[in-house]
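Chains as they are written, first to last, in my numbering: chain A, 484 to 680; chain B, 23 to 94.
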C-alpha cells in the first residue's frame with residue numbers, strides 16, 4: 484500500500500495546557516513540537532488576559548514562538564473583540580469553546596484530507612465537542628503528553644513535571660489519550676509501525 | 023502521620039500493603055491501589071501506565087529534544 488503524506492498540527496482547544504505549563508514555568512515544553520501549534524483567537528484571549536497571565540509569561544511565550552503558533556481567526560473571536568473595542572464588556576464564558584467549535588466545523592468542511600489534528604487538552608468537556616470528532620483526530624491531555632515525551636526520552640524530567648503540576652491542583656491530572664485511527668487513510672506514523680512488523 | 027506521609031512511605035516501600043490498608047481502614051487491595059493512584063502516587067515497584075504506542079510514534083514524528091533556555 485502506498486504511503487500517504489499527512490500534515491500533523493497541534494491544536495490547543497482550551498486554555499489549561501498553556502496555563503498549567505506557565506504556572507510551573509515550563510512553557511518551553513512547547514518548543515519540542517516541530518509541527519505548528521494552532522490556537523483560536525478566543526483561546527488566545529483567555530490565556531493572555533491579565534487574570535490568567537499576571538506576569539505576562541504567556542504573552543512573552545507567544546512572542547517568542549513567532550509563526551510556530553498560528554492564531555486561528557474566528558467570527559466568535561472577532562465579534563468579541565469588536566464589542567470590547569466599542570467599550571462594551573461582553574461575557575467571555577464559553578466563548579472559547581464556541582470559537583473552537585467554529586474552527587472545527589471549518590476543518591471538517593474544508594480541511595485537507597491528509598490533515599491530522601493532534602488535540603492537546605485538559606478540560607474533559609473537550610471530548611464532547613466537535614473538535615474531538617474530527618477525522619483522524621488524536622487526543623492527548625497534558626499528563627499523557629508529558630508521560631509520552633518522557634517515555635521517548637525527549638525530556639528527562641517527566642515524573643517531576645507531573646508532580647509539580649499535581650502540587651497545584653486539588654486532584655491529580657490523570658493521563659488521558661485517544662489515539663487516532665482510521666481504516667481508510669493510514670497516518671504516516673501508523674504506516675511506519677506496520678512496516679516495522 | 024498524614025495521608026500524604028503515609029502514601030509517600032508506601033510509594034518508597036518503607037511500609038507494606040498491610041500496614042497501609044490498616045491505616046486507611048480498607049480491606050481490599052484494589053481499593054488501596056485506587057486510593058494510591060487517585061492521589062497521584064504509584065504502588066511500590068509498579069510502573070506508570072504507559073501511553074499508547076500510536077501516541078509515542080506520533081510524537082516521535084513531530085517532536086525533538088530541546089535544551090532549556092537559561093532563566094533570565
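Glycine residues also receive a C-beta, built at the ideal position from the N, C-alpha and C atoms.
Problem set entry | Local conformation of residue 669 of chain A per DSSP, three classes | Residue confidence for residue 669 of chain A is low, a pLDDT of 47 falling below 50, so the modelled location carries little weight; the figure read from the coordinates is stated next. Residue 669 of chain A falls in the coil class under three-state DSSP.
Exercise. DSSP on residue 692 of chain A, reduced to helix/strand/coil?
Worked result: Outside the shown range of chain A, which is 484 to 680, sits residue 692 of chain A, and nothing can be said about it.
Exercise. Are three or more beta carbon pairs between the region 610–629 of chain A and the region 492–506 of chain A nearer than 8 Å?
Worked result: Cβ pair count under 8 Å is three or more, so yes.
Exercise. Do the region 506–524 of chain A and the region 541–556 of chain A meet, that is, are 3 or more Cβ pairs less than 8 Å apart?
Worked result: Put simply, the region 506–524 of chain A touches the region 541–556 of chain A. At least three CB pairs are less than 8 Å apart.
Problem set entry | Residues that residue 52 of chain B contacts on chain A, provided the C-beta gap is smaller than 9 Å | Neighbours of residue 52 of chain B in chain A, taken as residues at a C-beta separation under 9 Å, are lacking, since the least C-beta distance is about 17 Å.
For this session: Anything in the region 629–644 of chain A with a Cβ closer than 8 Å to a Cβ of chain B? List those residues in chain order, please.
Result: Against chain B - using a Cβ distance shorter than 8 Å - the residues of the region 629–644 of chain A are 630, 631, 632, 634, 635, 636, 637, 638 and 642.
For this session: Taking only the alpha-carbon atoms, compute the straight-line gap between residue 552 of chain A and residue 51 of chain B and give it to the nearest angstrom.
Result: Here the C-alpha atom of residue 552 of chain A lies approximately 46 Å from the C-alpha atom of residue 51 of chain B.
Problem set entry | Segment limits, alpha helix (DSSP H) that includes residue 500 of chain A | For residue 500 of chain A, the uninterrupted alpha helix (DSSP H) run begins and ends at 499–506, by DSSP.
Exercise. Who are the Cβ neighbours of residue 578 of chain A in its own chain at under 7 Å, not counting the five residues just before and after it?
Worked result: Residues of the same chain with a CB within less than 7 Å of the CB of residue 578 of chain A, apart from the 5 flanking positions on each side, are 525, 559 and 563 in chain order.
Exercise. Do you know whose CA, among B/47, B/46, B/65 and B/49, lies nearest residue 55 of chain B's CA?
Worked result: Nearest C-alpha to residue 55 of chain B: B/65.
Exercise. How about residue 676 of chain A: is its C-beta nearer than 7 Å to some C-beta of chain B?
Worked result: Low local confidence applies: a pLDDT of 45 at residue 676 of chain A is under 50, so the model's placement there is unreliable, with the coordinate-based value given in what follows. The Cβ of residue 676 of chain A sits closer than 7 Å to at least one Cβ of chain B.
For this session: Report buried or exposed for residue 567 of chain A, applying the criterion of at least 16 other Cβ atoms within 10 angstroms of its Cβ.
Result: With fewer than 16 other Cβ atoms from the protein chains shown falling within 10 Å of its own Cβ, residue 567 of chain A counts as exposed.
For this session: Spatial neighbours of residue 637 of chain A within its chain, please: CB distance less than 6 Å, with the 5 preceding and 5 following residues excluded, ordered by chain position.
Result: Closer than 6 Å at the Cβ level, and outside the excluded window around residue 637 of chain A, lie 515.
Exercise. Mapping DSSP to helix, strand and coil, what is residue 73 of chain B?
Worked result: Here residue 73 of chain B sits in coil by DSSP.
Exercise. By Cβ distance below 6 Å, which residues in the same chain neighbour residue 523 of chain A in space, the five residues on each side in sequence not counted?
Worked result: Non-local beta-carbon contacts of residue 523 of chain A in its own chain, meaning distances under 6 Å to residues more than five positions away in sequence, involve 555, 557, 582, 583 and 586 in chain order.
Problem set entry | Closest residue to residue 629 of chain A among A/530, A/622 and A/640 (Cα-Cα distance) | Ranking the options by Cα distance to residue 629 of chain A, first place goes to A/640.
For this session: Identify each residue in the region 505–534 of chain A for which the Cβ-Cβ distance to at least one residue of chain B is less than 7 Å, and report them in chain order.
Result: Using a CB distance below 7 Å, the part of the region 505–534 of chain A facing chain B consists of 511, 514, 515, 516, 517 and 518, ordered along the chain.
For this session: May I ask you to report which of helix, strand or coil DSSP gives residue 68 of chain B?
Result: Per DSSP, reduced to three states, the secondary structure at residue 68 of chain B is coil, with no helix or strand assignment.
Exercise. In angstroms, rounded to a whole number, what distance separates the CA positions of residue 503 of chain A and residue 78 of chain B?
Worked result: Roughly 22 Å separates the two Cα atoms.
Exercise. Residue range of the beta strand (DSSP E) that residue 587 of chain A falls in?
Worked result: For residue 587 of chain A, there is no enclosing beta strand (DSSP E); the residue is found in the alpha helix (DSSP H) stretching over 578–593.
Exercise. Applying a beta-carbon distance threshold of less than 9 Å, which residues of chain B neighbour residue 653 of chain A?
Worked result: Close to residue 653 of chain A, with beta-carbon spacing below 9 Å, lies no residue of chain B; the smallest spacing is near 11 Å.
Exercise. Is the Cβ of residue 55 of chain B closer than 7 Å to any Cβ of chain A?
Worked result: No, its Cβ sits nowhere closer than 7 Å to a Cβ of chain A.
For this session: Could you please tell me which residues of the region 65–88 of chain B, in chain order, have their CB closer than 8 Å to any CB of chain A?
Result: Under the 8 Å Cβ criterion, the region 65–88 of chain B contributes 70, 71, 72, 73, 74, 75, 76, 77, 78, 79, 80, 81, 82, 83, 84, 85, 86, 87 and 88.
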